[in-house]
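Chemist: Questions regarding the structure given below will be posed in turn.
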Amino acid sequence: MSRSARSGGHRGAPRASRARRRTHRTRTSGAAIGLTILGALLPGLGFILAGRRKLGAAVLTGFLGLIALGAYLALAQRDTILELAVDPNRLLIATVLVVLLSAAWIVVVVASHKMLRPLTPTVTGRLVGASAVGVLCFAIAVPTTVAAQTVMAQRNLVGAVFQSEGHSKSATRPKVNKQDPWANTPRLNILLLGADDGAGRTGARTDTVMVASIDTRTGDTKLISLSRNWMRMPFPASSPLHKVYPNGFWDPNLGNTEQPQYYLDAMYDTVPKAHPGILGPTDNMGADVLKLSVGAALGLDIDYYMQVNLAGFQQIVDAVGGITVNVNYRVPIGGEYGIGPGANAPKPPSAYIEPGPEQKLDGFHALWFARGRYGLSDPSRQERQRCTIHALVNSVNPATLVTKYQQIAAASQEMLRTDIPQELLPALTQLALKVKTAGVSNIDLNKDKNFPTGRDPNYAGMRAIIQKALTAQPTATATSTSGTGKTTSGTATTPPSRGTGSAKRHTTSASPSTQSLNDACAYHPEPGGS
């Protein structure tokens, strides 16, 4: 065989490859744009259609592999996702990966179009092609940017609200067992505080004091509300505060009279000012004081606290699009009695939330639905607060989280303060999913018998009720119907009569002191309530 023949044989393949590429580049600008769109939907396909099969196959395989990995993690590795969602370092890595994947996707789209477009496009074809590629890149950049911002919002939330054990101080927090956080915790007891430090008030008042006792196996949750005007709040014998207040938080020299400066809602601000540093190093002495005292009063070991700033609560309700509640009687907006530590001057309410079933409330009205008390009893206010929490939990759904998460996260940073450490967050997130589907009920502490006034509550009697309720086995789960005949998720209130406590309604557990929030929050308007 001649040299020219051999040479021609060796060079035949590259010539054929170039010929195929020239054939691809003879397509119209419209066809190139259509193929570019397909290549954007399936990254790598554009390279394959342009003749770069190996490169295209590699990119397409990587893209499909990422989709398969995401589906696997979502369906089979929920624990891994939860750990990622509450780990600031992993969230930062996830943000960087989202940005890099977005940039790589855009590069693939632009490169694909360059390979697919005609060799000699017209001016119009070039402009249309560039515009189409720009729109595709924008369509990729916007959702991935939102995704990166959402991940960063979650990272900022975790970092701002939840500190690691090594970077925070608490005088009352238990040490986390990272291997099995609930090994010695059959029930997790969290103190919920609503701090009211509005204009014209000195210091912060914890007008809302509640305990959520959560079964760590099932998620079954019992809510226990404490009255803001309780006096003689005890401290554990092992606490240094017991030596200061051996007969509870009050001044025996003033006799058995109303002592607003020694109400439960004054402890958060008063005790730290009177005895700074008595509990040792702590980031929030007021909350530690309440954890110790509330635990002693109710016979519970309080593990952690979650403090809510009421102004931030208004923002988070607006972020989730409002809550739906049943209103059984007129609830005041504003109004002051003019008594108590740091109170404003006396004034009547500026308006009322009128009775009605399934009312959608924005943040402002939801806040007053929960806190309004002018002319009403403390027990009715406590039940409205429980129903507000119940309504807020029911209002948060996946669609809301996806579309409004950045607003929710920003509001939460302003609203929340806690001693729950970052190390506990993966287990706590899983427990929260159980709470979402398990029963939530209220423990009635029997106001008429145990605290007809706040001057001398029967804490021993309340402790007995709580222990019985926590050890009772539930026998049924109630669903309630509103006055319109429709089933309701439970978002309503209690009777308005001042100082009379809650009306007795159907209970849904083996313990007569326990009442389902679905039942307690149903629509049952009070006669004359309008």
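In this note's numbering, the protein residues as written are 138 to 667.
Where a beta carbon is used, it is the ideal one built from N, C-alpha and C, also for glycine.
Strictly by DSSP, which residues pair up with residue 462?
Modeler: For residue 462, which the question treats as bridged, DSSP gives the partners 496.
Chemist: Measure the beta-carbon distance from residue 532 to residue 460 and round it to whole angstroms, keeping in mind my assumption that it falls under 8 Å.
Modeler: So it is a contact: roughly 5 Å between Cβ atoms.
Chemist: In angstroms, rounded to a whole number, what distance separates the CA positions of residue 262 and residue 254?
Modeler: Distance between the alpha carbons of residue 262 and residue 254: 9 Å.
Chemist: State the DSSP-derived secondary structure class of residue 558, mapped to helix, strand or coil.
Modeler: Coil, per DSSP.
Chemist: Buried or exposed: residue 451, going by 16 or more other Cβ atoms within 10 Å of its Cβ?
Modeler: Counting Cβ neighbours within 10 Å, residue 451 comes out buried, since at least 16 surround it.
Chemist: Cutting at 7 Å between CB atoms, please list the residues of its own chain near residue 422, excluding the five before and the five after it.
Modeler: Taken in chain order, the residues that qualify are 409 and 416.
Chemist: Give a yes or no on whether 8 Å exceeds the smallest Cβ distance from residue 199 to chain C.
Modeler: Of the protein chains in the structure, only one exists, and it is not chain C.
Chemist: Can you say whether residue 555 is buried or exposed, counting buried as having 16 or more other CB atoms within 10 angstroms of its CB?
Modeler: Under this definition residue 555 is a buried residue.
Chemist: How is residue 405 classed by DSSP in three states: helix, strand or coil?
Modeler: Three-state result, residue 405: helix.
Chemist: Among residues of its own chain, excluding the 5 on either side of residue 501, which ones have a beta-carbon nearer than 7 Å to its beta-carbon?
Modeler: Closer than 7 Å at the Cβ level, and outside the excluded window around residue 501, lie 451.
Chemist: Might you give, ordered along the chain, the residues of its own chain that have their beta carbon closer than 6 Å to the beta carbon of residue 284, omitting 5 neighbours on each side?
Modeler: Correct list, in chain order: 235.
Chemist: Roughly how many angstroms separate the alpha carbons of residue 386 and residue 279, rounded to a whole number?
Modeler: Distance between the alpha carbons of residue 386 and residue 279 is about 57 Å.
Chemist: Once the 5 residues before and after residue 499 are set aside, which same chain residues still bring their CB inside 8 Å of it?
Modeler: The answer, listed in chain order, is 454, 455 and 459.
Chemist: On the three-state DSSP scale, how would you describe residue 473?
Modeler: Here residue 473 sits in strand by DSSP.
Chemist: CB-CB under 6 Å to residue 192, same chain, minus the five flanking residues each way: which ones, in chain order?
Modeler: Same-chain partners within the cutoff: 184.
Chemist: When you compare each of 301, 593, 287 and 482 to residue 420 by their alpha carbons, which one comes out closest?
Modeler: The residue with the shortest Cα to Cα distance from residue 420 is 301.
Chemist: Given residue 418, which residues of its chain have a CB within under 6 Å of its CB, disregarding the five upstream and five downstream residues?
Modeler: Within the same chain, residue 418 has close Cβ partners 306.
Chemist: Just to confirm, is the Cβ distance from residue 390 to residue 369 under 8 Å?
Modeler: Cβ atoms of residue 390 and residue 369: not closer than 8 Å.
Chemist: State whether the region 393 to 407 contacts the region 367 to 382, with contact taken as three or more CB pairs (one from each stretch) at a distance under 8 Å.
Modeler: A contact exists between the region 393 to 407 and the region 367 to 382.
Chemist: Apply the 10 Å Cβ neighbour rule to residue 661 and answer buried if 16 or more other Cβ atoms are within range, or exposed otherwise.
Modeler: Buried is the call here.
Chemist: Could you tell me the distance, in whole angstroms, from the CA atom of residue 510 to the CA atom of residue 365?
Modeler: Answer to the nearest angstrom: the Cα atoms are 12 Å apart.
Chemist: Considering only their Cβ atoms, is the gap separating residue 211 from residue 204 smaller than 8 Å?
Modeler: For residue 204 and residue 211, no; Cβs fall outside 8 Å.
Chemist: According to the Cβ coordinates, are residue 546 and residue 525 closer than 8 Å?
Modeler: Their beta carbons are not under 8 Å apart, which means residue 546 does not touch residue 525 by this criterion.
Chemist: May I ask which residues mark the beginning and end of the alpha helix (DSSP H) holding residue 511?
Modeler: Here residue 511 belongs to no alpha helix (DSSP H), and DSSP marks it neither H nor E.
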